[in-house]
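A.B. asks:
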Amino acid sequence: MRRTTPAAVTRWATPLWPATLIGIVLGAALGGFAMSGSTTNVQATALIRVEQPIDPNQIMTNTAPSSDTQPSFMSGEVAYLTSPGFAAAVAKELNQNGRPAVTAVQTGQSSMISLTSDGPSLADAQRTVDAAVKVYSEHSVQQIRERGQAATNAINDVINGLQTEINDSKLQAQQNGMLVDENGLPVEQLGPGGMTGQPLDSRLARINLLEQERTAIDVQMQRGPGVQVVQPPVDTTTDGAPGWSLGAVAGGLLGGLVALSAAFALRKRSGLITSPRALEDEFGPVLMPVVDISAKSFRDDGLNNAEAAVARSIYAQLPAPRSGRLLLVGVSAESGAAAVAQLIGFAAADHESATVVHLPTADESFDSIEELTDVSADDPAATKTVVIDGGSIDSTPALTEVAAHADQLIIVAMLGRDALGTARMVDRLAKSADLPVSVVCTRRKWWSKAGKRTQADIRRSRHSVSRSDGDERAESGPRSQDSDAMADHTA
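This is the structure:
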């Protein structure tokens with residue numbers, strides 16, 4: 000039982016496509032179940048226009064805003080709208096712990112930005128977008144006021160300095176007895192006409208100019224935010240596949256990859272034969288094509304046209320001479336040695352009389368190897384080739400004796416099920432008997448039970464292969480005669 004269970008697991012897991020298919024089905028089922036309870040979020044999008052504010056430096060230098068600075072300004076605003084700090088500010092506005100997913104996309108090179116968020120309902124998504132617009136508007140106002148206040152403070156410092164200088168000049172003029180105007184500033188005498196009212200100091204004019212600039216900056220600071228809502232949050236949810244279907248697809252892909260990897264690992268660890276090349280490199284020529292032993296014909300004592308062509312192709316590749324005792328040994332009981340023996344016997348009958356012999360297993364008995372495998376036992380004048388179905392190396396006790404009387408040995412191995420280590424045992428048997436070795440690879444459908452040597456094969460211990468002209472099917476002798484022949488050998 001300890002050997003049967005791993006063998007069954009290996010049989011089902013090592014064929015790549017069944018294992019992959021099972022992994023896909025299981026992964027899809029688990030993924031679909033895991034995502035069946037998920038709900039599709041609703042998406043809301045608002046469209047805003049962002050106006051580049053007038054910089055205090057532009058007011059002070061009396062220059063108009065440049066269009067060259069618009070792209071960099073918009074890039075900076077989009078960067079802020081997609082920053083973690085902005086998301087945290089929106090979460091604080093919503094009074095929630097997790098950061099909401101808010102995306103900001105600039106429309107081309109324009110000043111339009113779309114703010115998008117999703118939620119379990121349209122109201123939740125719209126509330127998040129409204130909060131994002133509010134946070135961004137407040138941020139814009141704060142930035143304008145901070146820059147304006149910094150410029151105002153700088154202007155106030157300059158005005159205070161100029162005013163101090165004026166006061167000092169006024170005090171000094173009074174001490175020196177100089178004439179001063181109504182503002183207390185010194186004046187000069189120009190010719191005999193008397194005095195003019197032109198001040199000697201231009202600092203008062205500078206103060207007047209700075210005060211005008213400060214007033215303009217104060218006005219700019221009192222303006223509303225440069226954010227205009229062009230389109231309020233609306234539903235922009237796109238119809239897509241339900242969550243369970245996406246989970247099924249993702250689970251199927253993941254399950255298939257995992258199952259395929261596991262099948263590869265199990266195949267490598269178990270040492271199974273997966274390709275004819277592995278046998279050809281180690282044992283000798285592999286006779287092509289690979290034989291599909293799941294066909295119903297192998298259970299009906301006959302071959303159809305396609306199977307007859309396969310039989311003749313394999314027989315033509317056998318090492319010369321292609322007569323005498325041809326011993327077929329399966330790597331396992333399911334390798335299909337009986338089916339391949341039927342093929343070779345069919346093709347051999349094209350050239351000379353042929354007999355197919357199925358060796359008894361450990362449950363059967365016989366008197367002598369010579370009698371069982373004698374090519375002239377039935378008809379000394381007619382029988383020239385005997386094809387010996389030796390079963391498998393672990394089920395036929397007479398293999399050693401039969402190999403000593405054989406002319407060549409054919410290893411029968413089933414791809415994806417037989418182990419390379421067991422095939423080496425069959426090869427050592429051939430070398431001990433100094434026999435030429437060739438290999439026939441078989442395969443069968445994974446659901447088929449064909450290939451295993453049955454008791455019916457054993458009872459057909461010896462049968463001649465013959466065909467009438469124009470018939471493309473191989474027929475054995477009457478089954479009653481086969482039973483009698485086997486009874487004669489096992490008496």
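Position 291 of the sequence shown, counted from 1, bears residue number 290 in numbering that gives the first Met the number 0, the numbering being contiguous throughout.
Where a beta carbon is used, it is the ideal one built from N, C-alpha and C, also for glycine.
None of these values were measured; they are calculated from a predicted model.
Go ahead and pull the three-state DSSP assignment for M111.
C.D. replies: Strand at M111.
A.B. asks: Does the structure place the segment 414 to 426 close enough to the segment 338 to 347 that three or more beta carbon pairs sit under 8 Å?
C.D. replies: Result no; under three Cβ-Cβ pairs closer than 8 Å.
A.B. asks: What's the C-alpha gap between K400 and L29?
C.D. replies: Correcting the residue type first, residue 400 is Glu in the shown sequence and not Lys. When rounded, the distance between both Cα atoms is 56 Å.
A.B. asks: What distance in whole Å lies between the Cβ atoms of P70 and Q42, which are believed to be in contact at a cut-off of 8 Å?
C.D. replies: The pair is not a contact, with the Cβ atoms about 28 Å apart (cut-off 8 Å).
A.B. asks: What is the DSSP secondary structure of L189, counted as helix, strand or coil?
C.D. replies: Per-residue confidence for L189 stands at a pLDDT of 40, beneath the threshold of 50, marking its modelled position as unreliable; the derived number appears in the next sentence. Three-state result, L189: coil.
A.B. asks: Determine which residues share a DSSP beta bridge with D388 and list them.
C.D. replies: L327, H357, per the DSSP bridge assignment.
A.B. asks: For the structure I just gave you, are there three or more beta carbon pairs, one from the segment 302 to 315 and one from the segment 344 to 351, closer than 8 Å?
C.D. replies: Touching, yes.
A.B. asks: Whole angstroms are fine: how far does the CA of V226 sit from the CA of N175?
C.D. replies: Each residue's Cα considered, the two are about 59 Å apart.
A.B. asks: Would you list the one or two residues that DSSP bridges to A418?
C.D. replies: L271.
A.B. asks: Could you have a look at A216 and say whether DSSP puts it in helix, strand or coil?
C.D. replies: Checking the displayed sequence, the identity of residue 216 turns out to be Ile instead of Ala. The answer is helix: DSSP assigns I216 an H, G or I state.
A.B. asks: Which residues share a DSSP beta bridge with D291?
C.D. replies: Note: D291 sits in a beta bridge opposite R442.
A.B. asks: CB-CB under 8 Å to S110, same chain, minus the five flanking residues each way: which ones, in chain order?
C.D. replies: The residues are R48, V49, E50, Q51, Q69, M73.
A.B. asks: Closest by CA to T235, which one among T19, Q173, T44, I23?
C.D. replies: Ranking the options by Cα distance to T235, first place goes to T44.
A.B. asks: Whose CA, out of P284, E306, L286, E281, lies closest to the CA of I292?
C.D. replies: Comparing Cα-Cα distances from I292 to each of P284, E306, L286, E281, the minimum goes to E306.
A.B. asks: Measure the CB-CB distance between I165 and R202 and report whether it falls below 7 Å.
C.D. replies: Cβ distance < 7 Å, so I165 and R202 count as in contact.
A.B. asks: Quick check: the Cα distance between P232 and A153, rounded to an integer number of angstroms?
C.D. replies: So the alpha carbons of these two residues sit roughly 41 Å apart.
A.B. asks: For V285 and S394, what's the separation of their Cα atoms in angstroms?
C.D. replies: So the alpha carbons of these two residues sit roughly 24 Å apart.
A.B. asks: How big is the Cα-Cα spacing for Q105 and A262?
C.D. replies: If you take the alpha carbons of Q105 and A262, they lie about 49 Å apart.
A.B. asks: Sort L398, S391, V436 by Cα distance to T421 and report the nearest one.
C.D. replies: The shortest C-alpha separation from T421 is found at S391.
A.B. asks: Just to confirm, is the Cβ distance from V385 to R321 under 7 Å?
C.D. replies: Taking 7 Å as the Cβ cut-off, V385 and R321 do not qualify as a contacting pair.
A.B. asks: Thinking D406 and H357 are a contact (beta carbons under 8 Å), I'd like their distance in whole angstroms, please.
C.D. replies: Rounded, the Cβ-Cβ distance is 18 Å, inconsistent with contact.
A.B. asks: Going by DSSP in three states, T102 sits in which element: helix, strand or coil?
C.D. replies: T102: strand per DSSP, three-state reduction.
A.B. asks: Is it right to say L278 is buried, meaning 16 or more other beta carbons lie within 10 angstroms of its own, or is it exposed?
C.D. replies: Result: buried.
A.B. asks: In angstroms, rounded to a whole number, what distance separates the CA positions of E137 and V228?
C.D. replies: Whole-angstrom Cα-Cα distance: 14 Å.
A.B. asks: Run the CB neighbour count on V89, radius 10 Å, all protein chains shown included, and call it buried at 16 or more, exposed below.
C.D. replies: V89 is buried by the Cβ-count criterion.
A.B. asks: Assuming P232 is part of the beta strand (DSSP E), what are its boundary residues?
C.D. replies: Per DSSP, P232 belongs to the beta strand (DSSP E) from 226 to 234.
A.B. asks: Could you tell me whether the Cβ atoms of S492 and G283 are closer together than 7 Å?
C.D. replies: For the chain, the structure presents residues 0 to 490; residue 492 sits outside this window and is missing.
A.B. asks: With DSSP as the reference, label D117 as helix, strand or coil.
C.D. replies: The answer is strand: DSSP assigns D117 an E or B state.
A.B. asks: Write down the C-beta distance between G255 and I23 rounded to the nearest angstrom, noting that I regard them as a contact closer than 8 Å.
C.D. replies: Their Cβ separation, rounded to whole angstroms, is 4 Å, which keeps G255 and I23 in contact under 8 Å.
A.B. asks: Does the Cβ-Cβ distance between G147 and M220 come in under 7 Å?
C.D. replies: Yes.
A.B. asks: Which of the three DSSP states is assigned to S394 in this structure?
C.D. replies: Coil, per DSSP.
A.B. asks: To which residues of the same chain is I21 closer than 7 Å at the C-beta, ignoring the five residues directly before and after it?
C.D. replies: So the list reads A258, once near-sequence residues are dropped.
A.B. asks: Pull up the DSSP beta-bridge partners for L568, would you.
C.D. replies: Outside the displayed range of the chain (0 to 490) lies residue 568, so it cannot be described from this structure.
A.B. asks: Where does R48 fall in DSSP's three states?
C.D. replies: Correct three-state label for R48: strand.
A.B. asks: Quick one: is F85 buried, meaning 16 or more other Cβ sit within 10 Å of its Cβ, or exposed?
C.D. replies: Per the 10 Å Cβ criterion, buried.
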